[in-house]
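Numbering (the numbering used here), first residue to last: 2 to 752.
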């Protein structure tokens with residue numbers, strides 16, 4: 002029968018040992034007792050309408066690309082240490098956010114080391130502030146240039162406050178948000194510094210201004226806990242972001258004051274215990290929970306709306322806009338003052354080329370004004386056409402569509418997407434027909450101020466759309482501005498060094514929400530959606546993947562995705578989160594001897610040989626690492642819940658005539674099907690029977706024995722033989738479960 006190779010478990014363990022990363026995951030309680038661990042290929046029918054949640058997962062590729070096993074004696078801890086960089090790269094959005102919440106709600110700010118050189122001491126020695134904050138600026142200056150990147154773009158903090166007292170307070174707080182000065186040691190980059198100090202505007206707007214406080218020492222002494230409560234309560238219903246930012250900066254101000262790190266004239270007289278109260282912590286956590294609801298995959302309906310919008314503007318509207326662009330350039334319409342073209346009579350060519358409607362949707366439409374004007378004292382007809390605004394609107398729609406596709410197909414973060422330049426898209430040196438996208442990763446880089454450059458595979462059609470977007474921009478923003486996601490509504494203004502801001506990304510998302518009807522769009526959701534499509538495999542999802550990546554073969558697409566570490570890690574983490582509890586149950590059952598079947602025996606042998614890989618925290622690595630290697634090599638994997646208390650461990654799809662017991666009753670020619678969990682047969686050599694299945698086994702024996710006894714002579718020899726085999730199979734498993742199996746030394750398993 003066409004079952005997995007005998008050395009499958011060795012390959013599996015090899016993938017674990019060659020893996021990387023450790024991730025804490027939330028415990029999950031399996032809703033049923035039976036799970037299928039299998040590998041499956043793509044399917045045939047095409048239906049792009051679908052994205053549906055289901056409890057199955059599949060990935061495809063060839064078995065010969067598995068990494069080879071290392072010596073069993075190799076220290077697994079060394080493996081983890083050597084792959085610290087990969088560990089840092091793995092991002093689970095909910096976990097990361099939860100850690101951020103825990104930090105925000107910490108009872109008190111902890112200093113990791115004694116503070117020797119405080120700001121208070123520096124200002125005592127040099128009251129004028131003539132000491133450096135960076136290689137570019139002094140403390141006394143009203144603008145701090147903190148950092149300049151390779152293009153000379155400066156990272157700055159401005160201190161344009163209503164008076165010198167507020168400027169002094171903002172400077173003192175900003176000083177402690179810098180990576181080199183932070184007493185909390187939780188700031189790694191200047192971008193984080195700027196994000197943190199932006200909350201000072203909330204401090205001014207909601208604490209100082211409503212209470213008519215200038216910020217001088219006398220006014221700061223007036224601040225009490227009641228004032229702060231009123232300010233926080235006012236922001237509580239305005240969203241998590243502002244609420245949490247004000248909460249954080251007030252905590253920081255209070256802690257710095259209590260530790261005498263600030264000059265005394267800038268101290269906040271309200272203690273941390275009055276700010277970080279139990280009730281306030283609950284409010285922050287509640288607001289945070291509401292924010293997390295936006296970090297879920299898009300539903301089928303939402304994804305359909307996003308793809309409809311993206312495909313319309315990149316596949317249907319874009320070619321028409323390119324023709325309009327060529328017409329404008331050829332006729333020099335972009336050189337007219339205010340982009341207004343005047344004629345003595347209607348211009349049918351302009352009306353034909355610059356009024357575009359597709360499927361009832363307006364892509365571009367000129368504004369026409371037909372009037373009589375006096376020229377040299379004589380009335381003349383004047384027909385004026387304005388085309389620029391409508392053209393820019395269409396260009397922004399194309400940009401938004403590209404944003405959606407990049408978000409889905411690359412898994413990049415918002416901070417990385419906004420920095421993409423047209424020159425970052427180019428042909429792959431090793432495969433000229435393919436394209437790559439050069440990105441700069443800041444969050445996981447060793448030096449987050451400079452970042453680390455990486456290359457990600459980019460589908461050919463998306464690369465072409467980006468380059469065509471560049472052509473559309475020729476008559477709007479100058480090509481001197483290299484950033485992809487700048488707006489198209491800045492005709493003739495050249496900003497060669499101005500990058501796409503976070504605010505610009507927010508506007509893009511707002512426009513997409515407006516035109517698609519999809520609420521709470523977040524870049525994290527794009528990345529999670531691809532992972533969800535992959536782990537919740539069905540025929541419609543397979544076709545969505547094929548369409549998105551432009552590949553005929555599902556296997557080819559999976560190998561392609563495997564080249565993008567962002568998507569690999571997201572998929573692996575999603576698998577880990579969904580199935581870690583079940584996988585831990587399987588390993589625990591095998592370790593304690595409460596299992597039966599050839600599959601259990603094979604896994605038991607591998608666990609005995611490499612106990613360390615299956616211990617507590619290391620077990621958390623197994624699914625993550627295993628899936629990462631499967632996806633990177635295109636290897637298939639299929640997981641499905643069923644109602645029987647056992648596991649199916651298989652590695653492929655099945656075709657006639659080599660079918661497992663769960664598929665032998667399928668009519669017709671069977672091609673490329675995964676196991677059928679609803680018809681799981683304990684006699685299958687790939688069934689791993691665990692203790693939870695004992696009751697089901699006993700019921701099966703009673704059921705089949707009753708049929709055998711009552712059926713009498715009415716049963717055919719074939720039916721009688723099949724029933725006897727089922728009774729025998731269930732009895733054998735029960736006997737093995739009741740026997741004292743070999744026990745492995747106790748290993749703590751966490752999920």
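All residues carry an ideal CB built from backbone N, CA and C; glycine is no exception.
When Cβ pairs closer than 8 Å are counted between the two stretches, the region 312-330 is seen to touch the region 459-472, the count reaching three or more. Residues of the same chain with a CB within less than 7 Å of the CB of residue 232, apart from the 5 flanking positions on each side, are 207, 208 and 247 in chain order.
Straight-line measurement puts the Cα of residue 425 at about 35 Å from the Cα of residue 351.
Straight through space, the alpha carbons of residue 509 and residue 306 are spaced by roughly 16 Å. Excluding residues up to 5 positions away in sequence, 402, 405 and 406 lie with their Cβ nearer than 6 Å to the Cβ of residue 311 in the same chain. Rounded to whole angstroms, residue 139 and residue 211 show a C-alpha spacing of 32 Å. Taking the Cα positions, residue 384 is about 9 Å away from residue 373. In the three-state reduction of the DSSP assignment, residue 360 falls in the coil class.
Around the Cβ of residue 389, a 10 Å sphere holds 16 or more other Cβ atoms; the residue is buried. Rounded to whole angstroms, the gap between the alpha carbons of residue 190 and residue 182 is 12 Å.
Residue burial is scored here from C-beta neighbours: residue 676 has at least 16 other C-beta atoms within 10 angstroms and is therefore classed as buried. Here the C-alpha atom of residue 459 lies approximately 27 Å from the C-alpha atom of residue 364. CA-to-CA, the gap between residue 347 and residue 162 works out to about 55 Å.
Residue 659 has 656 as its beta-bridge partners, per DSSP. Around the beta-carbon of residue 720, fewer than 16 other beta-carbon atoms lie within 10 Å, marking it exposed. Between residue 214 and residue 243 the beta-carbon gap is near 19 Å, outside 8 Å, which marks them as no contact. Under the three-pair Cβ rule at 8 Å, the region 218-234 counts as touching the region 262-272.
In the three-state DSSP reduction, residue 709 falls in the helix class (H, G or I). Counting of Cβ neighbours within 10 angstroms places residue 432 among the exposed residues, the total staying below 16. Put simply, the backbone Cα of residue 386 is about 19 Å away from that of residue 323. For residue 484, the beta-bridge partners assigned by DSSP are 422. Of the other Cβ atoms in all chains shown, 16 or more fall within 10 Å of the Cβ of residue 264; this residue is therefore buried.
Within the region 311-370, the alpha helix (DSSP H) runs of at least 4 residues that lie entirely inside it are, in chain order, 319-331 and 349-354. If you draw a 10 Å sphere on the C-beta of residue 454, you find fewer than 16 other C-beta atoms in it, and that means exposed. Counting other Cβ atoms within 10 Å of its Cβ, residue 201 reaches 16 or more and is therefore classed as buried.
For the set 703, 439 and 314, the Cα lying nearest the Cα of residue 516 is the one of 314. Excluding its 5 nearest sequence neighbours in each direction, residue 159 has C-beta neighbours in its own chain below 6 Å: 144, listed in chain order. Taking all protein chains in view, the Cβ of residue 339 is surrounded by fewer than 16 other Cβ atoms within 10 Å, so the residue is classified as exposed.
Burial is judged here by how many other beta carbons sit within 10 angstroms of a residue's own beta carbon; residue 177 has at least 16 and is buried. In this structure residue 327 is not in contact with residue 357, their Cβ atoms being roughly 13 Å apart against a cut-off of 8 Å. When the beta-carbon positions are compared, residue 368 and residue 355 stay at least 8 Å from each other.
Where residue 157 is concerned, the enclosing beta strand (DSSP E) starts and stops at 155-159. In the DSSP assignment, residue 385 falls within the unbroken beta strand (DSSP E) covering 379-387. Check the Cα spacing between residue 173 and each of 272, 329, 120 and 414: the tightest is with 120. According to the DSSP secondary-structure assignment, residue 376 is paired through a beta bridge with 379.
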